Each structure stands twice: as structure tokens, then as C-alpha cells.
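Just so we're aligned: 85 in the numbering used here is position 85 of the sequence shown, and the numbers increase by one with no gaps anywhere.
To keep things clear, I will list the structure first and then write my remarks on it.
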Amino acid sequence: MTMNIRLLKCGLFAGGVLGAVLFTAVAATDKDEQAKLESKAKISRAKAEKTALTKVPGGTIKEGELEEEDGKLIWSFDIGSPNSPDITEVQVNATTGKIESVEKETPADQAKEKAADLKEKKSRTGKSEKEDGNDKAESKSK
Numbered sequence: 001m002t003m004n005i006r007l008l009k010c011g012l013f014a015g016g017v018l019g020a021v022l023f024t025a026v027a028a029t030d031k032d033e034q035a036k037l038e039s040k041a042k043i044s045r046a047k048a049e050k051t052a053l054t055k056v057p058g059g060t061i062k063e064g065e066l067e068e069e070d071g072k073l074i075w076s077f078d079i080g081s082p083n084s085p086d087i088t089e090v091q092v093n094a095t096t097g098k099i100e101s102v103e104k105e106t107p108a109d110q111a112k113e114k115a116a117d118l119k120e121k122k123s124r125t126g127k128s129e130k131e132d133g134n135d136k137a138e139s140k141s142k
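In C-alpha cells, the structure reads:
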């Protein structure tokens, strides 16, 4: 019985280590991708943030990233407003500095987007269906 418990503990430890390695690999890949995109951008993140914040007076940037959408390099920012649970997503063209779009996202919209992002990341790491369910439960508890 003791041998089985040791084997189980070793298996759980190895699974945790493997998960950490996969997470680190995906994070490094995302970081590398961001660096490549930033090297192409003509508009700095700071300038794009300043432009985006003009659309949400008194707002605070919660998240931001540089991405390629429909062949355009876009700074995308999620901006929170005081006294509102909604997020305003402002997209700034990283080549011209012009605002491409402004969209309000309710908490329900934000949850859907987060779930889609998790699904995309999981498809890159090759996690199983069971692991996907565990991550969904974790994200709900946060």
C-alpha cells in the first residue's frame, strides 16, 4: 500500500511539473510574439494608451496587447470606468495611431471572451478535455 501511495505522489508531482513546463512554454511563446509585433509597431504602447484613454475619460487600462487583426497591427486595450462593471475595448492602429474601434463589454461579454481565450491557449498546449474542465472551474472561482 505504501508503495502505491509513493507512486501516486510521484505521478502527481510529475504531472504538476509537466503542466508548469507547458504553461511556461506558452507564456514564453506569447512574450516572443509580442516582442516581434512590437518591433513592427510605429506607435508606442504609451502613445496608444494615451489615445485610447481619450475615449474613456477617467478610465483605467486593465489589460492591453498588440495583435494582428485582418492584416492590421492593432493595440487593443480593455479600459475600466469608475462606477461601472463594463469594460470599454479600444483598438488603436499601431501604424497610424488612429482609433479603429470602441466597444462596450458587459461582464457577460467579458466572461465569454475570457473563455474563448482560454480555449485558444489550451489548443496550443494540447491539454485534454479533463484538464480544460478543471481550468474552467478555476477561472469561475477567481
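Using N, Cα and C, we set each Cβ at its ideal position, and we do this for glycine too.
Just so it is clear, the structure is predicted and the values come from calculations on it, not from any experiment.
DSSP has VAL92 in a bridge; who is on the other side?
Your numbering for residue 92 matches position 92 in the sequence shown. Per the DSSP secondary-structure output, VAL92 pairs in a beta bridge with TRP75, ILE99.
May I ask you to report which of helix, strand or coil DSSP gives THR54?
Locating residue 54 in the sequence shown gives position 54, counting from the first residue. Looking at THR54 - three-state DSSP - the assignment turns out to be coil, as it is neither helix nor strand.
Let's test the definition: count the other Cβ atoms within 10 Å of the Cβ of GLY59 and tell me whether it reaches 16, buried, or not, exposed.
Along the sequence shown, one-based indexing puts residue 59 at 59. Buried.
Exposure label - SER39; buried when at least 16 CB within 10 Å:
In the sequence shown, residue 39 corresponds to position 39, counting from 1. Result: exposed.
Pull up the distance between the alpha-carbon of ALA125 and that of ASP32, whole angstroms please.
Reading the sequence shown from its first residue, position 125 is the one you call residue 125. Reading the sequence shown from its first residue, position 32 is the one you call residue 32. The sequence as given places Thr at residue 125; Ala does not occur at that position. In a straight line, the C-alpha of THR125 is about 16 angstroms away from that of ASP32.
Quick check: what's the CA-CA separation for LEU22 versus GLU89?
Here the question's residue 22 lines up with position 22 in the sequence shown. Here the question's residue 89 lines up with position 89 in the sequence shown. Because LEU22 carries a pLDDT of 45, less than 50, the predicted location of this residue cannot be relied on, and no value is offered for it.
Count the other CB atoms, across all protein chains shown, that sit within 10 Å of the CB of SER76; report buried if there are 16 or more and exposed otherwise.
Numbered from its first residue, the sequence shown carries residue 76 at position 76. Flag for SER76 reads buried.
Can you check DSSP and say which residues form a bridge with THR60?
Taking the sequence shown and counting its residues from 1, the one referred to as residue 60 is at position 60. Answer by DSSP bridge pairing, in chain order: GLY80.
Does the Cβ of LYS40 lie closer than 7 angstroms to at least one heavy atom of the ligand FAD?
Questions concerning the ligand FAD fall outside what the structure shown contains, since it holds no ligand whatsoever.
Buried versus exposed, by CB contacts within 10 Å (16 or more), ASP78:
As a position in the sequence shown, residue 78 is number 78, starting the count at 1. Buried, because 16 or more other Cβ atoms sit within 10 Å of the Cβ of ASP78.
Alpha carbon to alpha carbon, how far is LYS55 from SER123?
Translated into positions along the sequence shown, residue 55 becomes position 55. Translated into positions along the sequence shown, residue 123 becomes position 123. Looking at the two C-alpha atoms, the distance is approximately 34 angstroms.
Who are the near neighbours of VAL102 in its chain, counting only those whose CB is closer than 6 angstroms to its CB and skipping five residues on each side?
On the sequence shown, residue 102 is found 102 positions in, with the first residue counted as 1. Contacts found: LYS55, VAL90.
Measuring straight from C-alpha to C-alpha, what distance separates ASN83 and LYS62?
Counting from 1 along the sequence shown, the entry for residue 83 is found at position 83. Counting from 1 along the sequence shown, the entry for residue 62 is found at position 62. Straight-line Cα distance between these residues: approximately 15 angstroms.
Alpha-carbon spacing of GLU49 relative to GLY97, whole angstroms
Walking along the sequence shown from the start, residue 49 turns up at place 49. Walking along the sequence shown from the start, residue 97 turns up at place 97. Spanning the two alpha carbons is a distance of roughly 10 angstroms.
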